[in-house]
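Step one of this worksheet: look at the structure below.
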Amino acid sequence: MPDIPEHLLRRSAEARAEALGVPLEQVLAEMGLTGEGETPPATLEEVTLPVQPANPDTTIPEDLRAREAAARQAAVDEFEAKATPAPPASPVVTGAPEEPAPVVEVPAPVVEEPAAVVEKPAAAAAAAAGSKIPEALLRRSAEAKAKATGRPVEEILAEMSGGAPAEPAPVVEVPAPVVEEPAAAAAVAAPPTGEPTAPAQAPAPDGDRTTTITAPPVAAPQGTPEGVRPQRLLTVVRAKAIQQVKAEPTDKVSVWPHLLLIEFVALLGVTAFLTVLSVILQAPLLDLANFNLTPNPSKAPWYFLGLQELLSYFDPQIGGVMVPTVVGLIGVMAIPYVDRNPSTKPSDRKFAIMFFTFFLVASATVTVLGVLFRGPGFNFSYPWSDGIWFDDLKDWISFE
Amino acid sequence: MADGDKTSLADRVGEVGERVRNSQAWESIFRPGSPFKKGYTDSPRNRSYVIMNNVLYHLHPVKVKRHGVRLSYTLCLGGLSFFLFILLTITGIFLMFYYRPTVPAAYADIEALSTSVAFGSLVRNMHRWGAHLMVLTVFLHMSRVFYHGAYKPPREFNWVVGVVLLLLTLLLSFTGYLLPWDQLALWAVTVGSNMAGFVPVFGDQVKFALLGGVEVTGSTLLRFYVLHVLFLPFIIVIFMAVHFWRVRKDGGISGPL
Ligand code: HEM
Numbered sequence: 001m002p003d004i005p006e007h008l009l010r011r012s013a014e015a016r017a018e019a020l021g022v023p024l025e026q027v028l029a030e031m032g033l034t035g036e037g038e039t040p041p042a043t044l045e046e047v048t049l050p051v052q053p054a055n056p057d058t059t060i061p062e063d064l065r066a067r068e069a070a071a072r073q074a075a076v077d078e079f080e081a082k083a084t085p086a087p088p089a090s091p092v093v094t095g096a097p098e099e100p101a102p103v104v105e106v107p108a109p110v111v112e113e114p115a116a117v118v119e120k121p122a123a124a125a126a127a128a129a130g131s132k133i134p135e136a137l138l139r140r141s142a143e144a145k146a147k148a149t150g151r152p153v154e155e156i157l158a159e160m161s162g163g164a165p166a167e168p169a170p171v172v173e174v175p176a177p178v179v180e181e182p183a184a185a186a187a188v189a190a191p192p193t194g195e196p197t198a199p200a201q202a203p204a205p206d207g208d209r210t211t212t213i214t215a216p217p218v219a220a221p222q223g224t225p226e227g228v229r230p231q232r233l234l235t236v237v238r239a240k241a242i243q244q245v246k247a248e249p250t251d252k253v254s255v256w257p258h259l260l261l262i263e264f265v266a267l268l269g270v271t272a273f274l275t276v277l278s279v280i281l282q283a284p285l286l287d288l289a290n291f292n293l294t295p296n297p298s299k300a301p302w303y304f305l306g307l308q309e310l311l312s313y314f315d316p317q318i319g320g321v322m323v324p325t326v327v328g329l330i331g332v333m334a335i336p337y338v339d340r341n342p343s344t345k346p347s348d349r350k351f352a353i354m355f356f357t358f359f360l361v362a363s364a365t366v367t368v369l370g371v372l373f374r375g376p377g378f379n380f381s382y383p384w385s386d387g388i389w390f391d392d393l394k395d396w397i398s399f400e
Numbered sequence: 401m402a403d404g405d406k407t408s409l410a411d412r413v414g415e416v417g418e419r420v421r422n423s424q425a426w427e428s429i430f431r432p433g434s435p436f437k438k439g440y441t442d443s444p445r446n447r448s449y450v451i452m453n454n455v456l457y458h459l460h461p462v463k464v465k466r467h468g469v470r471l472s473y474t475l476c477l478g479g480l481s482f483f484l485f486i487l488l489t490i491t492g493i494f495l496m497f498y499y500r501p502t503v504p505a506a507y508a509d510i511e512a513l514s515t516s517v518a519f520g521s522l523v524r525n526m527h528r529w530g531a532h533l534m535v536l537t538v539f540l541h542m543s544r545v546f547y548h549g550a551y552k553p554p555r556e557f558n559w560v561v562g563v564v565l566l567l568l569t570l571l572l573s574f575t576g577y578l579l580p581w582d583q584l585a586l587w588a589v590t591v592g593s594n595m596a597g598f599v600p601v602f603g604d605q606v607k608f609a610l611l612g613g614v615e616v617t618g619s620t621l622l623r624f625y626v627l628h629v630l631f632l633p634f635i636i637v638i639f640m641a642v643h644f645w646r647v648r649k650d651g652g653i654s655g656p657l
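Taken in sequence, the protein lines are chains A and B. First residue of the first sequence: 1, per the numbering used here; consecutive thereafter. First residue of the second sequence: 401, per the numbering used here; consecutive thereafter.
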């Protein structure tokens, strides 16, 4: 348990008092720095003291308190039974004077990366919002389980709905505004397993400031590979923090094997394609560069030929500068900031789609014109009668 | 007799394999949960470990949205652009063994490479067609991102990073175009850099800086070479790192529509 120096606490209290416009004494009292001499708990037992929600607008329902107290007791018992004094490397939760850090030594089955937990504790967040896990997801999970264990789906479904966490799971909660800036204050979110199907019980006070999430009852971590320490990730998030904790349970699949397999096949495919192409088609190598012999026509690489085409219609200042930089670069970069329509449904984006399609078709047209329909003097010519005037393509296509 | 020999040989091979996989060296190479480790079983837990305990974790999360792995959503275009970039790096390094960026040597080196180096012609072709293909996939990737509205918040900035990537891809391709030092290279680059001369006010200066002179010369060749093999790849890798990182931090692939 970190012992926070008096002067830091004081400074924080002052900042807080100023921010909230309340007297310094009140903040100090809330932080437990005056009055009854409530010092940060030095031992685990003191953790079970009633937690004071220092944040005035946080109210914790009665049943949640009771559940939490029970959970704490359970966690403390477990902790003592284990008698491992060192808390796990709890990454983020620090600085809270009343924070029962060691309690978190609960092995969780599968731990997502910390970032992912903050971003989208899918199941937990949904549960916190009081919503339920979609039927379809539960069913899919049950089916998978049934397939794996060879038991009927119904049995598993029944188990999933009926056998939901009966015994209270350990709760870890940090009273809201702690020592750090208000921004750091909030709750401890226990990581869901990432399986959207694991029903995480999460009674939450309206998901307002403090969110308390009880972890699903943790199965004994069997088969943990050597060297992998079961740990539970904790993080302090505020309801309106930079990283928003709002995500519905989504339908997810494991990257291994599903995505990696596709990527591997794509990689093999493109390698094969490129190899075959390169065996068939010889890359052009013309005569040695000669400054005194200008080929007619002189053409830029194909991806600039559209521009070269524009140059033959417009003043160079327009065709060569305005269009590529203003339209091509700045304009395209600005698209997300100009298009304020939040919908991604094609039916809501008719104008944007038309606009971009026009842009695509126009670029394709001028490029094709430049590549195929420009002959000597960069004058119009027809590839079928006047031949191909583009060296990269010459060997590919012939109209003879 | 022959029969007995065969079984004992198979046994022995199996035994060696077993011993290798029990060895400390083998154990040390693969992190816990790797499918190459002994006793890997397909379980949700191990599927997570395959990513989490692996360098791949820098690129992929443990799980992705189901629709995101559907081929028809991304068409793998971003991934293919990246993979083509890797292929181009590999083939490009091979080409660097045989190529000198000087006016007397460049053209002859490419000619020699195409005619008298084993697989030289193939690798050169792969590098050249691969470069064209990459311009194409990056462009198509951009289009698919647009049609999915995948640039909308919170992904606005990743779109901007993407435009920079497109620009860098074009510049990489353009600087490479000059290197064979044949008529195609010389005049394509002359035409391209003349366009740079139309920049208002600073046109001539921009062109001078690009070419290292007032027209395409040996210094241009050296300049384009260094840009092509060192500077631009370095910059594009940094931008790709930001791009991939943002794809994850912005909540993974967008959608479904
Ligand atoms: C060297 C060039 C590029 C590489 C290697 C690359 C790579 C990737 C990859 C691997 C993804 C993941 C999803 C997918 O494969 O579609 C992605 C997504 C994305 N890319 Fe690119 N990209 C490049 C250029 C661009 C360009 C030119 C743009 C737009 C102007 C762009 C904008 C985006 C956006 C907004 C996403 C997120 C899409 C989503 O969430 O659905 N990228 N990129």
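Every residue gets a Cβ at the ideal spot worked out from N, C-alpha and C, and that includes glycine. Quick caveat: nothing in here was measured; it's all calculated off a predicted structure.
Does at least one heavy atom of the ligand ATP sit under 7 Å from the Cβ of residue i?
{"i": "phenylalanine 482 of chain B", "result": "The ligand content of the structure shown is limited to the ligand HEM, which means the ligand ATP is not among them."}
Is DSSP giving residue i helix, strand or coil here?
{"i": "leucine 288 of chain A", "result": "strand"}
{"i": "phenylalanine 631 of chain B", "result": "helix"}
{"i": "aspartate 63 of chain A", "result": "helix"}
{"i": "lysine 552 of chain B", "result": "coil"}
{"i": "aspartate 582 of chain B", "result": "strand"}
{"i": "serine 619 of chain B", "result": "helix"}
{"i": "serine 254 of chain A", "result": "strand"}
{"i": "lysine 465 of chain B", "result": "strand"}
{"i": "arginine 374 of chain A", "result": "strand"}
{"i": "leucine 519 of chain B", "result": "Just to set this straight, residue 519 of chain B is phenylalanine in the shown sequence, not leucine. In this structure, phenylalanine 519 of chain B counts as coil in the three-state DSSP scheme."}
{"i": "phenylalanine 639 of chain B", "result": "helix"}
{"i": "phenylalanine 380 of chain A", "result": "strand"}
Checking contacts by CB at 8 Å: is residue i closer than that to chain A?
{"i": "arginine 500 of chain B", "result": "no"}
{"i": "arginine 544 of chain B", "result": "no"}
{"i": "asparagine 525 of chain B", "result": "yes"}
{"i": "histidine 460 of chain B", "result": "yes"}
{"i": "arginine 646 of chain B", "result": "no"}
{"i": "alanine 588 of chain B", "result": "yes"}
{"i": "arginine 623 of chain B", "result": "no"}
{"i": "serine 514 of chain B", "result": "yes"}
{"i": "proline 504 of chain B", "result": "no"}
{"i": "glycine 592 of chain B", "result": "yes"}
Ignore the nearest five residues each way along the sequence and tell me which others in residue i's own chain have a CB closer than 7 Å to its CB.
{"i": "glycine 478 of chain B", "result": "His541"}
{"i": "serine 343 of chain A", "result": "Arg349"}
{"i": "tyrosine 577 of chain B", "result": "Ala585, Ala588, Val589"}
{"i": "alanine 599 of chain B", "result": "The question names alanine, yet the displayed sequence has valine at residue 599 of chain B. The answer, listed in chain order, is Val606."}
{"i": "proline 432 of chain B", "result": "Tyr449, Asn453"}
By the criterion of Cβ-Cβ separation under 8 Å, what are the contact partners of residue i in chain B?
{"i": "aspartate 287 of chain A", "result": "Asp582, Gln583"}
{"i": "aspartate 391 of chain A", "result": "Leu584"}
{"i": "leucine 259 of chain A", "result": "His460, Val464, Gly468, Val469"}
Closer than 7 Å by beta-carbon distance: list the chain A residues that pair up with residue i, in chain order.
{"i": "leucine 480 of chain B", "result": "Ala266, Val270"}
{"i": "isoleucine 510 of chain B", "result": "Leu285"}
Taking Cβ-Cβ distances shorter than 7 Å, what residues in chain B pair up with residue i?
{"i": "valine 253 of chain A", "result": "Lys463, Val464, Arg466, Val469"}
{"i": "leucine 277 of chain A", "result": "Trp529"}
{"i": "arginine 349 of chain A", "result": "Gly549"}
{"i": "phenylalanine 465 of chain A", "result": "Residue 465 of chain A is absent from the structure shown; chain A starts at 1 and stops at 400."}
Would residue i count as contacting chain B if we go by Cβ distances under 8 Å?
{"i": "isoleucine 335 of chain A", "result": "yes"}
{"i": "glycine 320 of chain A", "result": "yes"}
{"i": "glutamate 154 of chain A", "result": "no"}
{"i": "asparagine 290 of chain A", "result": "yes"}
{"i": "proline 5 of chain A", "result": "no"}
{"i": "tyrosine 303 of chain A", "result": "yes"}
Residue i and residue j look like a contact to me (Cβ under 8 Å); what is the Cβ gap, rounded to whole Å?
{"i": "glycine 375 of chain A", "j": "tryptophan 389 of chain A", "result": "5 Å"}
{"i": "histidine 643 of chain B", "j": "valine 561 of chain B", "result": "5 Å"}
{"i": "lysine 147 of chain A", "j": "isoleucine 156 of chain A", "result": "Their Cβ separation, rounded to whole angstroms, is 10 Å, which puts lysine 147 of chain A and isoleucine 156 of chain A out of contact at 8 Å."}
{"i": "threonine 569 of chain B", "j": "methionine 534 of chain B", "result": "6 Å"}
{"i": "valine 255 of chain A", "j": "lysine 552 of chain B", "result": "In fact, because the Cβ distance is near 24 Å, the residues do not count as touching under 8 Å."}
Please list the partners that residue i has in chain A, where partner means a Cβ-to-Cβ separation under 8 Å.
{"i": "threonine 489 of chain B", "result": "By Cβ distance, chain A contributes nothing, its closest Cβ being about 14 Å from threonine 489 of chain B, past 8 Å."}
{"i": "tryptophan 559 of chain B", "result": "Met333, Ile335, Pro336"}
What does a CB cutoff of less than 8 Å around residue i pick up in its chain, not counting 5 residues either side in sequence?
{"i": "glutamate 309 of chain A", "result": "Val366, Thr367, Leu369, Gly370, Arg374"}
Residues of chain A with a CB under 9 Å from the CB of residue i: which are they?
{"i": "serine 654 of chain B", "result": "Thr344"}
{"i": "serine 408 of chain B", "result": "None at all; the shortest Cβ gap to chain A is about 33 Å."}
Who are the near neighbours of residue i in its chain, counting only those whose CB is closer than 6 Å to its CB and skipping five residues on each side?
{"i": "glycine 468 of chain B", "result": "Ile653"}
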